[in-house]
Structure formats: structure tokens, C-alpha cells
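**Student:**
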Amino acid sequence: MSHPLHYRHGELCLDDTRLADLVHAHGTPTYVYSGRYLQERYQAFAHALGPNTLLCYAVKANSNLHLLGLLARLGAGFDIVSGGELERVLRAGGDPRRIVFSGVGKSRAEIRRALEVGIFCLNVESAAELERVSAIAQELGVQAPVALRVNPDVDPGTHPYIATGLQESKFGIPIAEAETLYAQSWPHVQFIGIAAHIGSQLLDLAPIGEAARRLRSLYERLQAHGLPLRHLDLGGGVGIRYHNETPPTPADYAATLEEALASLPAQRVVELGRALVGNAGVLLTRVEYRKSNGSKEFCVVDAAMNDLLRPSLYGAWHDILPLQEPRAAGTPMDVVGPVCESGDFFARNRLLQAEAGDLLAILGAGAYGFAMSSQYNSRPRAAEVLVLGQENRLIRRRETLADLWAAEEDL
Ligand code: LLP
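Anchor point for the sequence shown: position 408 equals 463 in the working numbering, and the numbering is continuous, going up by one each time.
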């Protein structure tokens with residue numbers, strides 16, 4: 056499974072496509088994804104995890120219909136967190152019976168629609184939500200398939216904004232309380248599993264192994280009490296390489312789950328987002344200006360925090376490569392966007408060779424890139440292009456100025 060980016064004759068290519076050609080066709084800023092890499096990542100995890108695991112793609116990482124369609128055709132399941140994501144998956148041809156629905160704040164309408172289309176499982180995050188699900192199932196005359204999302208209280212060792220499995224987090228139900236809920240009688244609910252998700256961009260799998268062991272022991276206790284559960288959902292969170300990290304491989308991940316769950320007669324579900332799509336994508340941008348404020352060098356590009364928020368929000372590192380192979384190491388500079396905030400940066404003191412007009416690729420932008428983008432500063436959102444083999448296809452047109460105010464007119 057080779058990384059999609061390489062220089063060929065001094066020009067940066069994504070698989071067989073020269074990125075500069077895509078800039079000529081579609082302008083900047085533009086997201087570009089390798090369909091080949093996404094497929095290979097999906098298949099590598101599916102193969103390592105084996106047929107007893109439902110591999111769900113966490114739609115929040117990148118919800119473009121064409122990527123969802125590609126994954127649906129490979130047989131993927133989907134982890135969704137909103138009614139919008141549900142409709143996207145259905146539009147893309149995803150199978151509702153392979154959808155798990157997570158999230159702490161599901162509305163009545165979202166729960167009703169999920170039950171109507173017959174999703175695989177609702178991952179319920181509170182007693183209040185369980186009551187709501189039960190009431191809606193009664194109205195519809197169905198039994199709602201439910202896993203309680205428990206909070207295993209393990210520290211995933213990741214950025215605090217994306218750690219979700221600690222006792223103080225808003226996510227999940229404490230294990231003791233979940234046990235009480237499972238023991239009660241809910242005539243319109245069918246408990247089919249247990250779910251957890253402890254955090255994202257995990258580079259150490261030990262916390263996932265620990266969470267899996269805690270879920271397993273709960274599963275066994277509940278089974279001993281006669282509750283016929285069928286699956287364990289371990290969430291997502293497998294990290295990727297952004298800089299110089301050594302992320303777990305699909306085989307490492309599968310081995311961690313196997314070690315914790317071996318011989319447990321339960322189906323497994325996982326919800327991977329970043330690990331599948333993160334390194335499939337880049338964000339292409341053009342240098343507008345170089346400037347210096349005496350002590351500091353700046354490279355002002357035409358992409359901004361509204362296009363890719365991760366550096367601003369998490370201080371995340373993203374590698375940056377010029378589309379023309381550099382001949383020298385470069386000088387330290389801040390790579391910043393046009394948005395009126397000092398937090399609008401992609402890199403600080405980065406060694407780069409970049410002059411006005413040059414084109415740059417910001418790496419690791421496939422997950423939580425476009426999906427978290429906005430129109431802040433009235434900037435139309437970027438275009439998206441899918442490269443698959445020799446073909447490359449626009450999979451989302453650049454927004455127009457009219458798109459900026461479309462919802463404010465004709466009221
Ligand atoms: N399942 C649940 C319940 C989740 O909350 C998440 C991510 C996932 C699965 C997928 O996690 P993954 O496999 O992609 O790590 N915007 C942040 C990441 C937020 C993750 C939120 N939940 C970032 O850019 O790093």
C-alpha cells in the first residue's frame with residue numbers, strides 16, 4: 056500500500072496525476088483524493104479484521120457522496136452522527152442495515168428516520184435518549200436495535216478536544232449505570248450490543264485494548280444474566296502519520312482487538328474515519344504573497360482556516376510540499392491564510408522554498424479537512440477532485456458567490 060504522493064520529473068503527483076494539471080483545470084484551493092489509496096486502506100483493514108468485523112466508515116471524517124459511494128461498493132458499513140449523514144449514506148447507495156448511529160444529541164426526527172429506514176444499530180448515549188428511542192419505536196410499532204455507548208474511562212493519550220472516553224467527557228454512559236439500564240425491561244428496545252469510542256488519532260493501541268477488555272467483561276456479565284447481546288462496537292480512533300509518527304498498522308490494530316476479545320462469541324464493529332481517508336487527501340493552494348515583518352517570514356496562501364481548520368483548532372502539524380520539487384532546504388516561514396485571525400495558519404517556522412505564484416500541497420487533508428470547512432469570511436468552499444487510476448473527476452464544484460447567500464434570499 057504505497058503513499059499516493061511522489062515527485063516525478065520534479066513535479067508532485069498524486070498516483071499518476073500531476074497535481075499542477077488539476078490546479079490548471081480547477082483552480083485553488085482544491086482538495087484532491089486518491090481513490091486508489093482509500094480503497095487499499097479500506098481493504099487492508101477489512102482483510103486484517105476479518106469477516107467477523109463490520110468495518111464502518113466514520114462519515115464525519117469526509118462525507119463527500121462520491122467517496123461514500125466508493126466505500127459502499129466495497130461493502131463498507133457506515134458510522135453516522137446526524138440525519139444529514141444518514142441521508143448522504145443512503146444517497147450514495149450505502150446499505151442501511153450496515154449503519155450505526157452515534158452521537159449524544161440525536162433529535163426525535165433523526166431517531167424516527169433511522170428506525171424507519173432500518174439501520175443496524177443506534178448507539179444510545181444516555182438514559183434520556185433511551186427513553187426517547189423507546190417511545191419512538193413504540194409509535195412506529197417496531198423494536199429499536201440498540202447498543203449502549205458506555206464510557207470505559209480510559210485515557211487515550213491524545214489531544215484533549217478529541218479524547219472522548221474519559222469519565223469527565225460528555226460521551227457515553229458510565230459502565231455501572233449502563234449495567235442498570237441493560238437490566239431493565241424496555242419492551243420497544245432490543246439490546247443487541249455494547250459500544251464505546253475513546254478518542255481519535257491514537258498512536259498507542261494499549262488504551263483501545265484496555266477499553267475492549269472492559270467492554271468484554273461487561274458483555275460477559277450481561278450474557279450471564281441472560282441478555283442475548285450479539286456485538287461489541289469498539290469505535291474508531293486509529294491514528295495516522297502526519298509528521299514523523301509511527302501509527303499502528305491494520306495488522307497491529309486487528310491483533311490488539313483479537314488479544315482482548317479472542318474466543319468471545321460476539322460480532323465486532325469498528326468505526327474508522329481518519330485511518331481510511333486521512334492520507335488519501337491533499338489540499339492544493341497557491342502562494343499569493345511573501346512578506347516579512349522584520350523578524351519573521353510569512354508565506355500567504357489562498358487557502359485558510361475556513362478550508363482546513365486542524366492547525367488552528369488543534370495546533371495540528373500538516374506536512375507541506377511544493378508542487379515543483381524544491382532544490383534547496385528553504386528558509387523558516389509561517390504559512391498563513393487570508394482570514395482575519397492570527398490563528399489562521401497552516402504551519403509555523405516551517406522550512407520551505409516558496410515564492411508568490413508557487414503551488415503547495417498540504418498533506419494529510421483527507422480526514423476532517425473539507426468536512427470541517429466553512430464559509431467564514433465569506434469564502435466559498437473549495438472544490439474536491441477524485442483521482443482514480445488514469446481518471447480524475449470533479450466530485451464537488453467550487454462554491455460560487457451566489458452559494459454564499461442562496462439561503463438568505465427568496466425568503
Ligand atoms: N466513532 C465515533 C463515535 C467518533 O466520535 C469518531 C470521531 C469516530 C468514530 C471516528 O474517529 P477516527 O477513526 O476518525 O479517529 N476533528 C478531529 C477529529 C474528531 C473526531 C471525532 N470523533 C480532528 O481533525 O482531528
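Backbone N, C-alpha and C define an ideal beta-carbon position, used for all residues, glycine too.
Could you tell me how far apart the beta carbons of residue 327 and residue 110 are, in whole angstroms, since I believe they sit closer than 8 angstroms?
**Tutor:** Walking along the sequence shown from the start, residue 327 turns up at place 272. Walking along the sequence shown from the start, residue 110 turns up at place 55. About 7 angstroms; that satisfies the 8 angstroms criterion.
**Student:** From the DSSP output, read off the bridge partner residues of residue 134.
**Tutor:** Within the sequence shown, residue 134 is the residue found at index 79, counting from 1. Note: residue 134 sits in a beta bridge opposite 113, 155.
**Student:** In or out: residue 118 buried (at least 16 other Cβ within 10 Å) or exposed?
**Tutor:** Translated into positions along the sequence shown, residue 118 becomes position 63. Buried, by the Cβ-count rule.
**Student:** For a test of your reading of the model: does the CB of residue 56 fall under 7 angstroms from any non-hydrogen atom of the ligand LLP? Yes or no.
**Tutor:** To locate residue 56, count along the sequence shown from 1; it is residue 1. The nearest non-hydrogen atom of the ligand LLP is 7 angstroms or more from the C-beta of residue 56.
**Student:** Say yes only if the C-beta of residue 327 is nearer than 7 angstroms to one or more non-hydrogen atoms of the ligand LLP, and no if none qualify.
**Tutor:** Locating residue 327 in the sequence shown gives position 272, counting from the first residue. Relative to the ligand LLP, the beta carbon of residue 327 is positioned inside 7 angstroms of a heavy atom.
**Student:** Between residue 278 and residue 287, what straight-line distance do the alpha-carbon atoms span, to the nearest angstrom?
**Tutor:** As a position in the sequence shown, residue 278 is number 223, starting the count at 1. As a position in the sequence shown, residue 287 is number 232, starting the count at 1. Going by the C-alpha atoms only, they are around 12 angstroms apart.
**Student:** The ligand LLP and residue 388: does the residue's C-beta get closer than 7 angstroms to at least one heavy atom of that ligand?
**Tutor:** The residue labelled residue 388 in the question sits at position 333 within the sequence shown. No, the ligand LLP has no heavy atom inside 7 angstroms of this Cβ.
**Student:** Classify residue 362 as helix, strand or coil using the three-state DSSP reduction.
**Tutor:** Within the sequence shown, residue 362 is the residue found at index 307, counting from 1. If DSSP states are grouped into helix, strand and coil, residue 362 belongs with coil.
**Student:** Give the DSSP-derived three-state secondary structure of residue 451 in the structure shown.
**Tutor:** Stepping through the sequence shown from its first residue, residue 451 is reached at position 396. Here residue 451 sits in strand by DSSP.
**Student:** With hydrogens ignored, establish whether the beta-carbon of residue 293 is closer than 7 angstroms to any heavy atom of the ligand LLP.
**Tutor:** The residue you call residue 293 lines up with position 238 of the sequence shown. Correct: residue 293 has its Cβ closer than 7 angstroms to the ligand LLP.
**Student:** Does the distance from the C-beta atom of residue 155 to that of residue 189 stay below 8 angstroms?
**Tutor:** Here residue 155 refers to the residue found at position 100 of the sequence shown. Here residue 189 refers to the residue found at position 134 of the sequence shown. For residue 155 and residue 189, no; Cβs fall outside 8 angstroms.
**Student:** Ignoring anything shorter than 4 residues or poking outside the segment 267 to 322, list the alpha helix (DSSP H) runs there in chain order.
**Tutor:** 305 to 316
**Student:** Would DSSP call residue 38 helix, strand or coil?
**Tutor:** Because residue 38 is not part of the residues shown, which for the chain are 56 to 466, the question remains open.
**Student:** Apply the 10 Å Cβ neighbour rule to residue 404 and answer buried if 16 or more other Cβ atoms are within range, or exposed otherwise.
**Tutor:** Looking up residue 404 in the sequence shown gives position 349. Exposed: under 16 other Cβ atoms inside 10 Å.
**Student:** Looking at the strands, I want to know which residues DSSP matches up with residue 178.
**Tutor:** As a first step, residue 178 must be located in the sequence shown, where it is residue number 123. Beta-bridge analysis with DSSP links residue 178 to 202.
**Student:** Quick test of the definition: if touching needs 3 or more C-beta pairs under 8 angstroms, does the segment 423 to 435 touch the segment 389 to 401?
**Tutor:** yes
**Student:** CB-CB under 8 angstroms to residue 68, same chain, minus the five flanking residues each way: which ones, in chain order?
**Tutor:** What you label residue 68 is simply residue 13 of the sequence shown in a count that begins at 1. The residues are 60, 61, 62, 74.
**Student:** Quick one: residues in its chain with C-beta nearer than 7 angstroms to the C-beta of residue 311, no 5 flanking neighbours on either side, listed in chain order?
**Tutor:** One-based indexing of the sequence shown puts residue 311 at position 256. Within the same chain, 260, 263, 264 come within 7 angstroms of residue 311 by CB-CB distance, once the 5 residues on both sides are set aside.
**Student:** Near residue 173, which residues of its chain fall below 8 angstroms by C-beta distance, leaving aside the five closest residues on each side in sequence?
**Tutor:** Counted from its first residue, the sequence shown places residue 173 at position 118. Excluding residues within five positions, the ones whose Cβ falls inside 8 angstroms are 151, 152.
**Student:** Just to confirm the assignment, what range does the alpha helix (DSSP H) spanning residue 64 have?
**Tutor:** For the purposes of this step, residue 64 is identified with residue 9 of the sequence shown, where counting begins at 1. Counting along the chain, residue 64 sits inside no alpha helix (DSSP H), nor does DSSP assign it H or E at all.
**Student:** Buried or exposed for residue 83, going by 16 or more other Cβ atoms inside 10 Å?
**Tutor:** To locate residue 83, count along the sequence shown from 1; it is residue 28. Its Cβ being crowded by 16 or more others within 10 Å, residue 83 is buried.
**Student:** Apart from the five residues just before and just after residue 124, which ones in its own chain have a Cβ nearer than 6 angstroms to its Cβ?
**Tutor:** Within the sequence shown, residue 124 is the residue found at index 69, counting from 1. For residue 124, where only same-chain residues beyond five positions count, the Cβ hits under 6 angstroms are 147, 148.
**Student:** With a threshold of 16 other CB atoms inside 10 Å of the CB of residue 269, please say whether the residue is buried or exposed.
**Tutor:** As a working note, residue 269 is residue 214 in the sequence shown. Counting Cβ neighbours within 10 Å, residue 269 comes out buried, since at least 16 surround it.
**Student:** Examine the ligand LLP and report whether any of its heavy atoms sits within less than 7 angstroms of the Cβ of residue 115.
**Tutor:** In the sequence shown, the residue the question calls residue 115 occupies position 60. True, at least one ligand heavy atom lies under 7 angstroms from that Cβ.
**Student:** Within its chain, find whatever has a CB closer than 6 angstroms to the CB of residue 415; leave out the 5 residues flanking it on each side and keep chain order.
**Tutor:** Numbered from its first residue, the sequence shown carries residue 415 at position 360. Taken in chain order, the residues that qualify are 340, 375, 377.
**Student:** Residue 130: buried (16+ other C-beta within 10 angstroms of its C-beta) or exposed?
**Tutor:** Taking the first residue of the sequence shown as 1, we reach residue 130 at position 75. Result: exposed.
**Student:** Indicate the three-state DSSP secondary structure (helix, strand or coil) for residue 257 in the structure shown.
**Tutor:** Translated into positions along the sequence shown, residue 257 becomes position 202. Reduced to three states, the DSSP call for residue 257 is strand.
**Student:** Using only the alpha-carbon positions, how far apart do residue 250 and residue 329 sit?
**Tutor:** Numbered from its first residue, the sequence shown carries residue 250 at position 195. Numbered from its first residue, the sequence shown carries residue 329 at position 274. Cα-Cα distance, rounded: 19 angstroms.
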